[in-house]
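Single-structure report; data block below.
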Amino acid sequence: MTGVTDSARPSESYYHLHLVSDSTGETLISVGRAAAAQYDVKPIEHIYPLVRSHKQLDKVVQAIEEFPGIVLYTLTDPELRNRLKTYCREHGVPVLSVLAPVVQLFQAYLGGVPEPRVGGQHQLDGDYFRRIDAMNFTVMHDDGQHVDGLEAADVVLLGISRSSKTPTSIYLANRGIKTANIPLVPSLPVPSGLAELKRPLIVGLLASADRVVEIRRNRLLGLNAAQAADAYTDHQAVAEEIAFSRRLCARHGWPMIDVTRRSIEETAAAIIALLQERRRRLTENPNG
Numbered sequence: 067m068t069g070v071t072d073s074a075r076p077s078e079s080y081y082h083l084h085l086v087s088d089s090t091g092e093t094l095i096s097v098g099r100a101a102a103a104q105y106d107v108k109p110i111e112h113i114y115p116l117v118r119s120h121k122q123l124d125k126v127v128q129a130i131e132e133f134p135g136i137v138l139y140t141l142t143d144p145e146l147r148n149r150l151k152t153y154c155r156e157h158g159v160p161v162l163s164v165l166a167p168v169v170q171l172f173q174a175y176l177g178g179v180p181e182p183r184v185g186g187q188h189q190l191d192g193d194y195f196r197r198i199d200a201m202n203f204t205v206m207h208d209d210g211q212h213v214d215g216l217e218a219a220d221v222v223l224l225g226i227s228r229s230s231k232t233p234t235s236i237y238l239a240n241r242g243i244k245t246a247n248i249p250l251v252p253s254l255p256v257p258s259g260l261a262e263l264k265r266p267l268i269v270g271l272l273a274s275a276d277r278v279v280e281i282r283r284n285r286l287l288g289l290n291a292a293q294a295a296d297a298y299t300d301h302q303a304v305a306e307e308i309a310f311s312r313r314l315c316a317r318h319g320w321p322m323i324d325v326t327r328r329s330i331e332e333t334a335a336a337i338i339a340l341l342q343e344r345r346r347r348l349t350e351n352p353n354g
């Protein structure tokens, strides 16, 4: 990278971040946002997926010229890649291939020359269909539906209303993990046979009463149902719901995760770690 020109420097409140990919752009978005999160200045994102021709790259270059900033790319076509790098370097725009250092490390270790594959991580293989199967299962078993099929789940999430059960389930399903979720209501019994499940990992999700009340109030406002709050947003009632879920999980030895300050990704990562540890123990002691 060459020096950054004055036109490409950020303002005090924002900067432009260009993410150029010949595939879906998911890798770039994740890397770009992870890096941007380390700074208080927020980026204005310009995302360009499926850039596979010079005509498509023309529009990208035009946008970079209009809004100079940081350019990250994953382009396998050498002509497109070199053209983008040349333009950015000639105009003092910082540019980086996010995969190049990683691929170079792999090449140094494995030897040989890598074969460029556009969207190589998005293949219609067994893993892809496993994720589709998990997504279908999760949608069918959302919010306490079809509890008779819970034994087929990899994970069963328990929690009171607005404890991130559904978004966490969907995220896990996208990782190929069949996930069901069941709402916990103190006045209603949990599904019969839940404690007898052998295959799935059962995890309770909880959040602080303040956080749950805030989310529930916003939910009701979005539904124009603020007058129907009653115990649903009463702080004491919510605290009792949380205590009920704690007692239930403690009684059965089910792990609990506090999602109050966790993102969906962080919650899912904690669940995956629990699942991997459980599977490891079962492999070492299948009769335990």
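Using the numbering used here, read the sequence shown as starting at 67 and increasing by one per residue.
We put the beta carbon where it would ideally sit given N, CA and C, even for glycine.
It should be emphasised that the depicted structure is a prediction, and the values quoted were computed from it without experimental measurement.
_Separation of valine 205 from proline 233, as counted between CA atoms_ = Each residue's alpha carbon lies about 11 Å from the other.
*Report the residue ranges of all alpha helix (DSSP H) runs contained in full by the stretch 237-289; include only those spanning at least 4 residues, in chain order.*
Taking only runs of at least 4 residues, the alpha helix (DSSP H) segments lying wholly in the stretch 237-289 are 275-288.
*Would you please state the rounded distance, in angstroms, between the beta carbons of leucine 116 and arginine 149? I believe it to be under 8 Å.*
Rounded to the nearest angstrom, the Cβ distance from leucine 116 to arginine 149 is 17 Å, too far for a contact under 8 Å.
*Drop a sphere of 10 angstroms on the beta-carbon of aspartate 220, count the other beta-carbons inside from all chains shown, and report buried for 16 or more, exposed for fewer.*
Buried, by the Cβ-count rule.
*Are the Cβ atoms of serine 163 and threonine 142 separated by less than 8 Å?*
Result no, Cβ atoms of serine 163 and threonine 142 do not sit closer than 8 Å.
_According to DSSP, simplified to helix, strand and coil, what is histidine 19?_
The shown model of the chain, from 67 to 354, leaves out residue 19, and the question about it has no answer.
*Assuming isoleucine 281 and tryptophan 320 make a contact with CB atoms under 8 Å, what is their CB distance in whole Å?*
No, isoleucine 281 and tryptophan 320 are not in contact; Cβ-Cβ is about 23 Å, not under 8 Å.
_By DSSP's criteria, glycine 135 is part of a beta bridge. Which residues make up the other side?_
The partner list for glycine 135 (beta bridge, DSSP) reads His82.
*Put asparagine 353 into one of helix, strand or coil per three-state DSSP.*
Asparagine 353: coil per DSSP, three-state reduction.
_Quick check: the Cα distance between alanine 166 and leucine 340, rounded to an integer number of angstroms?_
In a straight line, the C-alpha of alanine 166 is about 33 Å away from that of leucine 340.
*Are asparagine 247 and lysine 231 touching if we call contact CB-CB under 8 Å?*
The answer is yes: Cβ separation under 8 Å.
_Where the alpha helix (DSSP H) containing aspartate 193 begins and where it ends_ = Annotation for aspartate 193: the continuous alpha helix (DSSP H) segment containing it runs 192-206.
*Whole angstroms is fine: what's the gap from arginine 147's alpha carbon to alanine 100's?*
Taking the straight line from one Cα to the other gives about 23 Å.
*Could you check where the alpha helix (DSSP H) with valine 304 kicks off and where it finishes?*
Counting along the chain, the alpha helix (DSSP H) containing valine 304 begins and ends at 301-318.
*Does DSSP classify serine 229 as helix, strand or coil?*
Judged by DSSP in its simplified three-state form, serine 229 adopts coil rather than helix or strand.
*Whole angstroms is fine: what's the gap from leucine 238's alpha carbon to aspartate 193's?*
In a straight line, the C-alpha of leucine 238 is about 14 Å away from that of aspartate 193.
*Quick one: Cα of arginine 327 to Cα of proline 144, how far?*
If I take the Cα positions, the gap works out to 43 Å.
_Our contact map puts valine 278 next to arginine 312 with C-beta atoms below 8 Å; I'd like the distance itself, whole angstroms only._
That belief does not hold up - the Cβ atoms of valine 278 and arginine 312 are roughly 13 Å apart, past 8 Å.
_For the alpha helix (DSSP H) containing leucine 171, name the first residue and the last one._
166-176 is the span of the alpha helix (DSSP H), which, as asked, contains leucine 171.
_I need the DSSP call for methionine 67, collapsed to helix, strand or coil._
For methionine 67, the predicted model reports a pLDDT of 48, less than 50, meaning its position is unreliable; a value from the coordinates is still stated below. In the displayed model, methionine 67 falls within coil according to three-state DSSP, outside both helix and strand.
*Among Leu224, Ser274, Leu348 and Tyr298, which has the Cα closest to the Cα of arginine 285?*
Here the closest residue by C-alpha is Tyr298.
*Among Val137, Leu176 and Gln173, the one whose alpha carbon lies nearest that of histidine 157*: Looking at the Cα atoms, Val137 is the closest of the given residues.
*Run of the alpha helix (DSSP H) containing valine 179, from where it starts to where it stops*: Valine 179 -> no alpha helix (DSSP H), and no H or E assigned at all.
*From which residue to which residue does the alpha helix (DSSP H) around serine 96 run?*
It spans 92-102 - the alpha helix (DSSP H) in which serine 96 sits, taken as one unbroken run.
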